[in-house]
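Under the numbering used here, think of the first position of the sequence shown as 326, with each following residue one higher. We treat Cβ as the ideally placed atom computed from N, Cα and C, and that holds for glycine. Structure first, then comments.
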Amino acid sequence: MSFHFYYSIFNFRILKGSDIIETDLHGYYLAQTIVQYYKKDFNSRSPYITAERPLRLALRACTSQLEPFQLDTMLFFPSDLKICASIESNKGMNALSRDRARTTHLRPLVFLSIRPVGSSLHCQLSFYGYQGDYRFAPDLGYYQTCQRSISQHLDKLVEKEKDILVDSKSPTSIPLLNSTTNNCPIHSLPGTIRELNACKLKDGQWYELSFRSAIQYEILITEKNIYQQMWVNHSTTFVFKPDREVWRNGTELYWLQRLLQLRVKMKNCEAVRYLLKLDESWSSGQLPVTVFIDYQVRENAYVKHSRHLGNGTLMDGWFTGTFPVWRTPELRTHELCVQFAWPRSLNQYRLCRTFLRGRSSLDCDPFSYYTQYSVASKSENNKNKLIINFVIYIIFILFFS
């Protein structure tokens, strides 16, 4: 049944788009409501499933006593400080109910791989999908419904290492026993004790966290009376470093900017000076970072001009350079992009910084385009606010005294 049927109910005769010759105002609004309802209902009944994507990675300080660690409380961190880590995704129980109603079979899984930067040892976990929040540290997220199954899993690993040496061909992950019978969200755990120990996070250490989701589902095609199987996948990699902080969370780009700062300054609308700087805790001697620097000019999503500025290795942890601006009268976006990686990195990462947006490079204000892209922590922001409020208070006292 098409939407034109609903228009004919209310005796519509439409000419040249929106020129209504004969209509009833009440019927028109009612018809619009019906059309929007059926469009929404059609979208909700669409059999196609979207991928589960991570929204943000959250790290917070935690021990056996979690309550004292609040943002508004000043306390010294204990020596046994642990890092609580979790990933928030875009699909929860509501999305699971909705997607199950669209399909005849649904099997979602989420795979997490945590690896210290530069190390060959990694920790692989898998969860049943649509959890909305995936805790993986400390103690594998400490899911109470999984404790019995995890204990049985650890016993198997200990007995395995007592009998024989760990085989290099042993599986990297082993399905968890009885995990589906007690509502445990964990699907599988690492296959060795060494890999299980790699799941523990240490402050000051850089990590790569690979998030990969895979949803397998089946739908019934009524026209052909057959079942069709489909897959929808997504993968994202976070690069992060736990610190002795109360709380911090952000997207993959937010965490990536904590590793590599890219500062850009345009001078007299003719040249651009930039600075690349790695985090101070990064060991450039042991893990040299290779960078590829490009300058590009875009018009919406289309690249109109690009220039490779160079590539090299940040042996000292920083690099600076200058390049001329492409002179063009069109209103376009000018940006500097850096692609970088290091030995045994999971991905090649990319950062872009815009220094001229929607304006001509022949007519620009050089003083308004200084952009310093460094990420400030919440504690730093709160400290700056306190200083500003204190200065305002002193001025107020001096003025009225």
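Discussion item. In the DSSP output, what is Lys416 paired with across the bridge?
Written reply: As a working note, residue 416 is residue 91 in the sequence shown. Beta-bridge annotation (DSSP): Lys416 is not paired with any residue.
Item to complete: Run through the region 528 to 604 for me and flag every whole alpha helix (DSSP H) of 4 or more residues, listed as ranges in chain order.
Response: Here the runs fully enclosed are 577 to 584.
Worksheet item: For Ser438, which option in Ile717, Glu660, Leu526 and Gly575 has the closest C-alpha, if you only look at C-alpha atoms?
Response: Here the question's residue 438 lines up with position 113 in the sequence shown. Taking each of Ile717, Glu660, Leu526 and Gly575 in turn and checking the Cα distance to Ser438, the smallest one comes out for Leu526.
Worksheet item: What does a CB cutoff of less than 7 Å around Thr696 pick up in its chain, not counting 5 residues either side in sequence?
Response: In the sequence shown, counting from the first residue as 1, residue 696 sits at position 371. Here Thr696 scores only 40 on pLDDT, less than 50, and its place in the model should not be relied on; the value that follows carries that caveat. The residues are Val589, Arg678 and Phe680.
Worksheet item: Among residues of its own chain, excluding the 5 on either side of Pro307, which ones have a beta-carbon nearer than 8 Å to its beta-carbon?
Response: What is shown of the chain runs 326 to 726, which leaves residue 307 out entirely.
Worksheet item: What's the gap between the Cα of Val557 and the Cα of Arg598?
Response: By 1-based counting over the sequence shown, the position of residue 557 is 232. By 1-based counting over the sequence shown, the position of residue 598 is 273. Computed Cα separation, rounded: 43 Å.
Item to complete: Give every residue of the same chain whose Cβ lies closer than 6 Å to the Cβ of Asn574, excluding the five residues on either side of it in the sequence, and list them in chain order.
Response: Here residue 574 is taken as the residue at index 249 of the sequence shown, counted from 1. Contacts found: Arg381 and Ala383.
Worksheet item: Can you tell which of Leu446, Arg632, Leu421 and Arg427 has the C-alpha that lies nearest to the C-alpha of Pro433?
Response: Along the sequence shown, read from residue 1 onward, the residue named residue 433 stands at position 108. Looking at the Cα atoms, Leu421 is the closest of the given residues.
Item to complete: Using alpha carbons as the reference points, say which of Glu570, Tyr459, Thr658 and Phe563 lies closest to Gly529.
Response: The residue given as residue 529 occupies position 204 in the sequence shown. For Gly529, the nearest C-alpha among the options comes from Glu570.
Discussion item. Out of Glu543, Asp641 and Gly642, which one is the CA nearest neighbour of Thr428?
Written reply: Taking the sequence shown and counting its residues from 1, the one referred to as residue 428 is at position 103. For the residues Glu543, Asp641 and Gly642, the minimum Cα distance to Thr428 belongs to Glu543.
Item to complete: Tell me whether the beta-carbon of Ser535 lies closer than 8 Å to the beta-carbon of Val435.
Response: What you label residue 535 is simply residue 210 of the sequence shown in a count that begins at 1. What you label residue 435 is simply residue 110 of the sequence shown in a count that begins at 1. It is not a contact, given that the beta carbons lie outside the stated cut-off.
Worksheet item: Is it a yes or a no for the region 507 to 523 touching the region 404 to 416, going by three-plus beta-carbon pairs under 8 Å?
Response: As far as the Cβ criterion goes, the region 507 to 523 does not touch the region 404 to 416, which means the pair count is below three.
Practice prompt. With a 10 Å radius around its C-beta and 16 neighbouring C-beta atoms as the bar for buried, classify His478 as buried or exposed.
Written response: As a position in the sequence shown, residue 478 is number 153, starting the count at 1. Label assigned to His478: buried.
Item to complete: Go ahead and pull the three-state DSSP assignment for Tyr331.
Response: Within the sequence shown, the letter at position 6 stands for residue 331. Residue confidence is low: Tyr331 scores 35 on pLDDT, short of 50, so the model does not pin down where it sits. Its coordinate-derived value is still stated next. Of the three classes helix, strand and coil, the one that applies to Tyr331 here is helix, per DSSP.
Discussion item. On a Cα-Cα basis, can you pick out the residue from Cys524, Glu484 and Phe617 that is closest to Phe644?
Written reply: Walking along the sequence shown from the start, residue 644 turns up at place 319. Residue Phe617 is the option with its Cα nearest to Phe644.
Fill in: Neighbourhood of Thr576 by C-beta distance below 6 Å, restricted to the same chain and skipping five residues each side
Residue numbering aside, residue 576 sits at position 251 when the sequence shown is read from its first letter. Around Thr576: Arg381.
Practice prompt. Below 6 Å CB to CB, which residues in the same chain sit around Gln673 once its five sequence neighbours on both sides are set aside?
Written response: Here residue 673 refers to the residue found at position 348 when the sequence shown is read from its first residue. Correct list, in chain order: Gln664 and Ala666.
Worksheet entry | Under 8 Å between C-beta atoms of Cys662 and Asp604 | Residue mapping note: residue 662 aligns to position 337 of the sequence shown, counting from 1. Residue mapping note: residue 604 aligns to position 279 of the sequence shown, counting from 1. No, the Cβ-Cβ distance between Cys662 and Asp604 is not below 8 Å.
Discussion item. Classify Tyr467: buried if its beta carbon has 16 or more other beta carbons within 10 angstroms, exposed otherwise.
Written reply: For the purposes of this step, residue 467 is taken as residue 142 along the sequence shown, with counting starting at 1. Exposed, by the Cβ-count rule.
Worksheet item: Which of helix, strand or coil does DSSP assign to Ile408?
Response: Here residue 408 corresponds to residue number 83 of the sequence shown, with the count starting at 1. DSSP places Ile408 in strand when its eight states are reduced to three.
Fill in: Close Cβ partners of Phe310 (< 8 Å) along its chain, the five nearest in sequence each way excluded
Any question about residue 310 goes unanswered here, given that the chain covers just 326 to 726.
Practice prompt. Could you check the C-alpha separation between Gly516 and Leu482 for me, to the nearest Å?
Written response: Taking the first residue of the sequence shown as 1, we reach residue 516 at position 191. Taking the first residue of the sequence shown as 1, we reach residue 482 at position 157. The alpha-carbon atoms of Gly516 and Leu482 are separated by roughly 7 Å.
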